[in-house]
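Below: the structure, in structure tokens.
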Amino acid sequence: MALVAVAIFTVPFVILLVLVKTSSSPLTVLDESIALSLHAHALENPGYTTFLNVATEVFGPWTWRVLVVLTAVWLWRRGAPRLAIWAVATITFGGLLNLAVKGIVNRARPDLPDPVASAPGASFPSGHAMGAALGTCILVLILLPFLRSMTSRILAWAVAAVIMVFVAYSRMALGVHWTSDVIAGVALGVVVVVGTAVGFEAWRRGEGRKPAEPHVEGVEPEAFRGSHSG
Numbered sequence: 022m023a024l025v026a027v028a029i030f031t032v033p034f035v036i037l038l039v040l041v042k043t044s045s046s047p048l049t050v051l052d053e054s055i056a057l058s059l060h061a062h063a064l065e066n067p068g069y070t071t072f073l074n075v076a077t078e079v080f081g082p083w084t085w086r087v088l089v090v091l092t093a094v095w096l097w098r099r100g101a102p103r104l105a106i107w108a109v110a111t112i113t114f115g116g117l118l119n120l121a122v123k124g125i126v127n128r129a130r131p132d133l134p135d136p137v138a139s140a141p142g143a144s145f146p147s148g149h150a151m152g153a154a155l156g157t158c159i160l161v162l163i164l165l166p167f168l169r170s171m172t173s174r175i176l177a178w179a180v181a182a183v184i185m186v187f188v189a190y191s192r193m194a195l196g197v198h199w200t201s202d203v204i205a206g207v208a209l210g211v212v213v214v215v216g217t218a219v220g221f222e223a224w225r226r227g228e229g230r231k232p233a234e235p236h237v238e239g240v241e242p243e244a245f246r247g248s249h250s251g
């Protein structure tokens, strides 16, 4: 399952990375077409644009960093220090990786007439989209042991997916990222979480613990046994 997830999200990221670095004409045309269409809609709907400007910051990278750190403090106090370290290490590594890839690719952001928003730094991959992927996936993997039914677990993943899509869309709609930027950001964020979760699971099994399915049971389900019935 982990290998499938890594493949599903790594392949599109690598393809987009190559296309961006080689200035692929079809990708450029597609990105520009979508950007101009969304920009026209943003200019025609200033109220909606204001909403997106606020929402995109509410769900920005720092929101997820703070939530993950606060959750890690809670985990530590509940006697789950390894899980706390995993959460902080994963979101920290993801953020540093985003900066590294941005620096290597050094892609310019969209340059649109009458911009409705602005953002500093390079464009690929989107830091907001990657931050949303990192934050939501980490928090869901921590939350899963507390959820009693498969329906509630599926719902948790669905909410995470909706947040990721919304953040990605908001960055495109505001004209601060190309479509390929946000797709790459989400993909890379998921790959990082899956990779560290697989590493954590390998450590668990090396310690002789019962094998778990992190996407269903959480990264360290035994940490909360006795405090729930899920």
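In terms of my numbering, the sequence shown is residues 22 to 251. Yeah, the Cβ is synthetic: ideal placement off N, Cα and C, and Gly gets one too. Nothing here was measured: the structure is a model prediction, and the numbers come from that model.
- In the three-state DSSP reduction, V137 falls in the coil class, being neither helix nor strand.
- In this structure, V240 places its C-beta atom within 7 Å of the C-beta atom of A218.
- V41 is a Cβ neighbour of F145, given a cutoff of 7 Å.
- Taking C-beta separations shorter than 6 Å and ignoring five residues to either side along the sequence, the partners of N127 in its chain run A143, following chain order.
- A189 places its beta carbon less than 7 Å from that of V203.
- Residue burial annotation: S201 is buried, with at least 16 other C-beta atoms found within 10 angstroms of its C-beta.
- Contact fails between the stretch 205-217 and the stretch 66-85, because fewer than three Cβ pairs, one in each stretch, are under 8 Å apart.
- The way I'd put it, the stretch 130-139 doesn't touch the stretch 178-186; fewer than three beta-carbon pairs between them come closer than 8 Å.
- According to the DSSP assignment, P235 belongs to the alpha helix (DSSP H) that extends over P235 to E238.
- For L96, the uninterrupted alpha helix (DSSP H) run begins and ends at P82 to R98, by DSSP.
- For the options H60, W224, L51 and W95, the alpha carbon positioned closest to that of P134 is the one of H60.
- Taking a 10 Å sphere around the C-beta of T43, we find fewer than 16 other C-beta atoms and assign the residue as exposed.
- Its chain contains E241, A244 and F245 as the residues whose beta carbon lies nearer than 8 Å to that of A101, once the 5 sequence neighbours on both sides are disregarded; these appear in chain order.
- Per DSSP, S147 lies in no alpha helix (DSSP H) and is assigned neither H nor E.
- Between the stretch 118-125 and the stretch 156-176 there are fewer than three inter-stretch CB-CB distances shorter than 8 Å, so the stretches are not counted as touching.
- A distance below 6 Å between beta-carbons, with the five flanking residues on each side excluded, links F221 to the following residues of its chain, in chain order: W107 and V240.
- Counting of Cβ neighbours within 10 angstroms places W95 among the exposed residues, the total staying below 16.
- Residue nearest to A205 within the set L37, V25 and I29 is L37 (criterion: CA-CA distance).
- In the structure shown, the three-state DSSP call for R174 is helix.
- For the set A154, G227, S191 and W199, the Cα lying nearest the Cα of F72 is the one of S191.
- Distance from the Cα of W85 is smallest, within the candidate group T111, R103, A63 and N74, for T111.
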